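Since the structure comes first, as structure tokens, the remarks are kept for the end.
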Amino acid sequence: MNLDPVKRWKRTLRLKIAPAGSARDRWLREQFRLWGKLQQASWREVALKVLPAGLQRSLRETSRRRRIEAAQPYREQLAALLKAHSDARRVIVFPPNLDWNVQLFQRPQQLALALAEQGALVFYLPPKPNPAKEAFQEFRPRLYLCNAPVETFALLESPLIYLLTWNRVYAGVFRSPRIIYDYVDDIRVFDGDYRQMVQDHERLVRDAYLVLTTAEPLYRATRKLRPDVLLCPNGADYEHFAVARLQQAAPPDDMRAIVARGNPVVGYYGALAEWFDYRLVWEVARLRPDISFVIIGPDYDGTLPPAFLDLTNVDWLGVKPYAELPHYLAYFDVAMVPFVVSEVTHAVSPLKLFEYMAGGKPVIVTPMHESTRYEGVLVADTPESFSRKIDEALRLRRHPAYLQRIDAVARANTWTSRAEQILTALDEIK
Numbered sequence: 016m017n018l019d020p021v022k023r024w025k026r027t028l029r030l031k032i033a034p035a036g037s038a039r040d041r042w043l044r045e046q047f048r049l050w051g052k053l054q055q056a057s058w059r060e061v062a063l064k065v066l067p068a069g070l071q072r073s074l075r076e077t078s079r080r081r082r083i084e085a086a087q088p089y090r091e092q093l094a095a096l097l098k099a100h101s102d103a104r105r106v107i108v109f110p111p112n113l114d115w116n117v118q119l120f121q122r123p124q125q126l127a128l129a130l131a132e133q134g135a136l137v138f139y140l141p142p143k144p145n146p147a148k149e150a151f152q153e154f155r156p157r158l159y160l161c162n163a164p165v166e167t168f169a170l171l172e173s174p175l176i177y178l179l180t181w182n183r184v185y186a187g188v189f190r191s192p193r194i195i196y197d198y199v200d201d202i203r204v205f206d207g208d209y210r211q212m213v214q215d216h217e218r219l220v221r222d223a224y225l226v227l228t229t230a231e232p233l234y235r236a237t238r239k240l241r242p243d244v245l246l247c248p249n250g251a252d253y254e255h256f257a258v259a260r261l262q263q264a265a266p267p268d269d270m271r272a273i274v275a276r277g278n279p280v281v282g283y284y285g286a287l288a289e290w291f292d293y294r295l296v297w298e299v300a301r302l303r304p305d306i307s308f309v310i311i312g313p314d315y316d317g318t319l320p321p322a323f324l325d326l327t328n329v330d331w332l333g334v335k336p337y338a339e340l341p342h343y344l345a346y347f348d349v350a351m352v353p354f355v356v357s358e359v360t361h362a363v364s365p366l367k368l369f370e371y372m373a374g375g376k377p378v379i380v381t382p383m384h385e386s387t388r389y390e391g392v393l394v395a396d397t398p399e400s401f402s403r404k405i406d407e408a409l410r411l412r413r414h415p416a417y418l419q420r421i422d423a424v425a426r427a428n429t430w431t432s433r434a435e436q437i438l439t440a441l442d443e444i445k
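Throughout the sequence shown, residue numbering follows our numbering, covering 16 to 445 in sequence.
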């Protein structure tokens, strides 16, 4: 991938000033984070903090009541939808967390879709409602993307709400909410005040109606506080990615030259961030000039090294819409999850692992606990072992028994099965 010269110059300069992972790099990231928070905060919020605590509470309560009153016009629409879907298995509200149309389609969106498909009525709210759009847009049957303010739901009695570690603040909007707390990642991966997040996490674990964890290490840690915690790993939309097995009319435009080289393709899609093992992949690419390495996804935190892209057999194709990923996956011969091994990545539930398998692709991973426990996964931790696993994967990609094994793993780990697991657990709560 040939980057724009200006972008390459900026990235090179930044890495020279503050190498990735250095103390200076961490300091710069913290300043950017604080500046971003300051830009997002209104001057009213900043000014409020200098007032006496009692007055702060009074003003916040007044503001809350006004927001609830302002949401009144939307409540009639909400009431009509609740009546129209009175036969829904459950009503679940997803308070503001991730935009629906983000660069990476992630767990909250997938669960919202799957829960609706399994009979729940789901309301999904973005971080910032767009008043120019329909207040309740029916994206799929029983799944509504909401541009109404979150206070629209404030008067519902004991609603089920889906919360993550970092958006616990929305619990205060609802009346006696029954919280589904989804503990998706080690808290250290999130930006923000770590101590405050730990407190929020512990409070959510203690008070939630249902607690979900995505990985074995998170499950074991949480079970000490909540013996009834549910292990609910990530999944895959099996049908969406299974089309990668079918004969495609032609490669995507930006893969045509790569495919035309005639070399096997080892591919990855997902975020490019500090947990991606650039050095390992770079060393493997140097060892294997006979292999094309295709990388798809955003440079999430600016850690993508310029030298990584200087290799002629490494192509970074940037971000691709979720709907197009199966078309790219179809032209991978082997897929990979090359993450740096750490306490954090040991607890990462491998969403893309199941998607790769649904597409019929052998998968090479680094030795992370949560990835290596699935049958059919190939494990490598050095450039040399990774190179050997590529050869093994290229043999296995046409082996019917192996393909049946990874297909069974993919079918057993779908978002549909996760949604059913959650709804069944809710039904069993006394």
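C-beta atoms are modelled at their ideal positions from N, C-alpha and C, and glycine is treated no differently.
Keep in mind the model is a prediction, meaning the values are calculated, not measured.
- Exclusion of the five residues before and after A423 leaves E390 as the residues of its chain whose Cβ lies within less than 8 Å of its Cβ.
- If you draw a 10 Å sphere on the C-beta of H414, you find fewer than 16 other C-beta atoms in it, and that means exposed.
- Counting the other Cβ atoms within 10 Å of the Cβ of G312 gives 16 or more, which makes it buried.
- In this structure, Y89 keeps its C-beta atom at 8 Å or more from the C-beta atom of F109.
- V380 places its beta carbon less than 8 Å from that of L368.
- Here the alpha carbons of Y315 and R235 stand approximately 29 Å from one another.
- Put simply, the backbone Cα of T429 is about 21 Å away from that of T360.
- The residues G134, A135, L136, R157, in chain order, have a CB closer than 7 Å to that of A103 in the same chain once the five nearest residues on each side in sequence are set aside.
- If you draw a straight line from the Cα of E132 to the Cα of G277, it is about 41 Å long.
- By the neighbour-count criterion, in which a residue is buried when 16 or more other Cβ atoms sit within 10 angstroms of its Cβ, S386 is buried.
- Segment contact: the stretch 190 to 200 against the stretch 212 to 227, three or more CB-CB distances shorter than 8 Å; contact assigned.
- A direct Cα-Cα distance of roughly 46 Å separates P336 from A68.
- Contact annotation: Y253 and A95 have beta-carbon atoms that are not nearer than 8 Å.
- Where T439 is concerned, the enclosing alpha helix (DSSP H) starts and stops at 430 to 443.
- Comparing alpha carbon positions, the residue from D206, G282, A373 closest to A257 is A373.
- A straight line joining the alpha-carbon of E172 with that of R210 spans about 32 Å.
- In this structure, L287 lies away from I273, with their beta-carbon atoms at least 8 Å apart.
- In terms of Cβ geometry, R410 and V349 do not form a close pair [threshold 8 Å].
- In its chain, beyond the 5 residues on either side, S402 have a beta carbon closer than 6 Å to the beta carbon of R303.
- Straight-line measurement puts the Cα of Y346 at about 9 Å from the Cα of P267.
- C-alpha of P398 to C-alpha of Y293: approximately 11 Å in a straight line.
- For S307, the uninterrupted beta strand (DSSP E) segment begins and ends at 307 to 311.
- Here Y185 is actually not in contact with V204; their C-beta atoms are around 20 Å apart, not less than 8 Å.
- Assignment of M212 by DSSP, reduced to helix, strand and coil, places it in the helix class.
- Taking 8 Å as the cut-off, the Cβ atoms of R122 and N249 count as close.
- With fewer than 16 other beta carbons inside 10 angstroms of its own, E443 counts as exposed.
- DSSP places G134 in the coil class of the three-state scheme, outside both helix and strand.
- The beta carbon of H384 sits closer than 7 Å to the beta carbons of E231, P232, H361 from its chain, once the five residues preceding and following it are set aside; these are given in chain order.
- Per DSSP, the unbroken beta strand (DSSP E) holding V329 starts and ends at 329 to 331.
- Taking 8 Å as the cut-off, the Cβ atoms of V106 and P174 count as close.
- The straight-line gap separating the alpha-carbon atoms of E298 and L344 is approximately 23 Å.
- For Y417, the enclosing alpha helix (DSSP H) has its first and last residue at 415 to 427.
- For A300, the enclosing alpha helix (DSSP H) covers residues 293 to 302.
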